[in-house]
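Here the structure comes first, spelled out in structure tokens, and everything after it is commentary.
Number of protein chains: 2
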Amino acid sequence: MQEYLAAIDAALEQILSRNPLTPHRVLDAMHYSVFAGGKRIRPCLTLAFCQLCGGDPTTALPFACGIELVQTYSLIHDDLPCMDDDDFRRGKPSCHKQFDEATALLAGDALLTMAFESLSQAELPPERVVKAVEIFSRLIGVVGMIGGQEMDLEAENPDTRPDLDTLRTLCARKTCALLQASCQLGVLAAGGTEEQLSAAGEYAYQLGMAFQIVDDILDVTADPEKLGKPVGSDAANGKVTHVTLLGLEGASQEADRYTARALSLLERFPGSEPLKELTRNLLHRDY
Amino acid sequence: MQEYLAAIDAALEQILSRNPLTPHRVLDAMHYSVFAGGKRIRPCLTLAFCQLCGGDPTTALPFACGIELVQTYSLIHDDLPCMDDDDFRRGKPSCHKQFDEATALLAGDALLTMAFESLSQAELPPERVVKAVEIFSRLIGVVGMIGGQEMDLEAENPDTRPDLDTLRTLCARKTCALLQASCQLGVLAAGGTEEQLSAAGEYAYQLGMAFQIVDDILDVTADPEKLGKPVGSDAANGKVTHVTLLGLEGASQEADRYTARALSLLERFPGSEPLKELTRNLLHRDY
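As given, the protein sequences belong to chains A and B, one line each in that order.
Just so we're aligned, residue 1 is where the first sequence starts under this note's numbering, counting upward by one.
Just so we're aligned, residue 1 is where the second sequence starts under this note's numbering, counting upward by one.
As structure tokens, then:
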């Protein structure tokens, strides 16, 4: 995974520095947020699935960058005052605090746009690239990630608190959809089969559910220093989470179940030991 | 052009209604803004250039819809309080006034995302679709339309008022870039030559410059009823425009020159009479 990380950072640096521009405040803001300490889990998944399906992970780098650029845009827009109004992200000022709201808005828009530019640069058979654009745009659009953001806003309304089913749909859209895109774009880059595409999507769903539940648990139990943000913010905001609905013990068991299913789906991909380790680590992380 | 308009509206309705969703506030906001009375000039250009280059304009509809979805997203985000803070757009409440800021932000994000989904749906050779994604994403990204928005913000700062050269670069990015995408995606859909692609881009540049200068003039001279917004807002905001720098008479002559160059570029496209008429009408419009 260390090799993947270096390759991803170099590719991100390259796509962001391709364009010397005047003025360059928006570009600076894009760079600031892309290199603000993200763990690059999603683009690593893209490269890993490409390799698991017999492809050269280098060919999947433009897809992996697209995924990370979208992850970054979604965090910038999510932190804006009209959304979650978060002043900090991973212990650093969020984009609109470091720059300003208009710059953060445009930086998010530009990162989303650049993600598709990155996809178009892949040196792969064009039909695979078109399919990647199709799958990606649906999973991060109004039926996917953006729809999840909308449900998240709705969930904050005291009159429309989610039950467990609604919370699961919210999580499937908000968290799982981009993870599904991450894994499936790797399969696509390798020219994998429909079965592999579907198994990768299912793995990502189970992983995303486990990931979100662990997030909910950490908001209650984590060391704020390690987490890079205050703990207890969900409860303070009256937010309904898996912990609220299932209790700490119940949420923890639920995360275990999703993780077990994710691990069993990886059985279909020979050579997936490093990915199994990553999957276990995400469950047992403390930040 | 009337035929084009009907086909574009039907295709936009179809892509927006493909996804029955709960909740659907963001989808409602997308629909509200897409059908808020836009003149559909840009998607008409896409279909027109497809036809001029010997293609079937129906095959270019997914590209034309992508253009209009991006035009709509850019207006929604541009109207937000942290940007131009406009309460009205074409005489109707702007998206964040009709809904709310968070919904307008997400609706813009979702329209931008859906634009690329629309491109991916084109039933055209995949290499043309990939090229369309590449050209489109660059022209509407940080080196194009978004860069123009950034320059526009900078131009509002009393310490960095633009001179004529800077104003032209601003206009080339903010206004011309999306028009260039509109025309060039039509050429691409038809499988046109590199020469046609380049001439279409140059025509769009001249058209965009003329279009923006006429906009600047109308802000001074128009009937506010017809314009759908108050006149004199540029002057009230201390904004530097072609009218400020060249005077009404000088700006008008400048618009004439750009229009003449645009018309002469259309000479390279046999059968472009309707497009010439549209070009002249845009110069002589009163709203």
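Backbone N, C-alpha and C fix where the C-beta goes; we use that ideal spot for every residue, glycine too.
A quick note: this is a predicted structure, and the numbers were derived from the prediction, not measured.
- Taking valine 133 (chain B) as reference, the option from B:Pro43, B:Ala104, B:Leu153, B:Leu185 with the minimal CA-CA separation is B:Leu185.
- Separation of leucine 246 (chain B) and tyrosine 73 (chain A) (C-alpha to C-alpha, rounded to the nearest whole angstrom) is 39 Å.
- With contacts defined by Cβ atoms closer than 9 Å, serine 120 (chain B) and leucine 75 (chain B) do not form a contacting pair.
- A Cβ-Cβ contact shorter than 9 Å links threonine 244 (chain B) with alanine 235 (chain B).
- According to DSSP, residue pairing for lysine 92 (chain B) in a beta bridge involves B:Arg89.
- Contact note: proline 23 (chain A) reaches chain B through Glu150, Met151, Glu154, using a C-beta cutoff of 7 Å and chain order.
- Taking a C-beta distance under 9 Å as the contact criterion, cysteine 65 (chain B) and isoleucine 8 (chain B) qualify as a contact pair.
- In chain order, Cys176, Leu179, Gln180, Ser182, Cys183 place their CB closer than 7 Å to the CB of alanine 204 (chain B), counting only its own chain and leaving out the 5 sequence neighbours on each side.
- Cysteine 53 (chain A) sits in coil when the DSSP states are folded into three classes, being neither helix nor strand.
- Against chain A, a Cβ distance below 9 Å from serine 137 (chain B) picks out Thr113, Met114, Ala115, Phe116, Glu117, Ser118, Leu119, Ser120.
- Taking C-beta separations shorter than 7 Å and ignoring five residues to either side along the sequence, the partners of leucine 265 (chain A) in its chain run Ala199, Glu202, Tyr203, Gln206, following chain order.
- Contacts with chain A at 9 Å (Cβ-Cβ) do not include isoleucine 67 (chain B).
- From the listed residues A:Val240, A:Gly192, A:Leu112, A:Glu117, the smallest Cα separation to glutamate 154 (chain A) is found for A:Val240.
- CA-CA distance, proline 23 (chain B) to glycine 37 (chain B), rounds to 25 Å.
- In this chain, alanine 190 (chain A) is not harboured by any alpha helix (DSSP H), its DSSP state being neither H nor E.
- Annotation: the continuous alpha helix (DSSP H) that includes arginine 138 (chain A) extends over 126–139.
- 9 Å or more divides the Cβ of leucine 124 (chain B) from the Cβ of threonine 58 (chain B).
- Residues of chain B whose Cβ lies closer than 8 Å to the Cβ of glutamate 127 (chain A) are, in chain order, Pro126.
- Counting along the chain, no alpha helix (DSSP H) covers glutamate 267 (chain A), and no H or E run does either.
- Near chain A, meaning a CB-to-CB distance below 7 Å, no residue of the region 233–267 of chain B qualifies.
- Close CB contacts of methionine 83 (chain B) within its chain, under the 8 Å cut and outside five residues either way in sequence, are with His77, Gln149, Leu153 (chain order).
- With respect to chain B, the C-beta atom of valine 34 (chain A) has no partner C-beta closer than 9 Å.
- If you compare the alpha carbons of A:Gly271, A:His284, A:Pro270 with that of alanine 260 (chain A), the shortest gap goes to A:His284.
- Under the three-state reduction of DSSP output, histidine 24 (chain A) falls in the coil class, being neither helix nor strand.
- Contact between aspartate 216 (chain B) and alanine 251 (chain B) holds, since their C-beta atoms are separated by about 6 Å, short of 8 Å.
- In the displayed model, glutamine 121 (chain B) falls within coil according to three-state DSSP, outside both helix and strand.
- Your pair lysine 131 (chain A) and leucine 69 (chain A) does not check out as a contact, with CB atoms roughly 19 Å apart and the cut at 8 Å.
- The DSSP-derived three-state label of arginine 161 (chain A) is coil.
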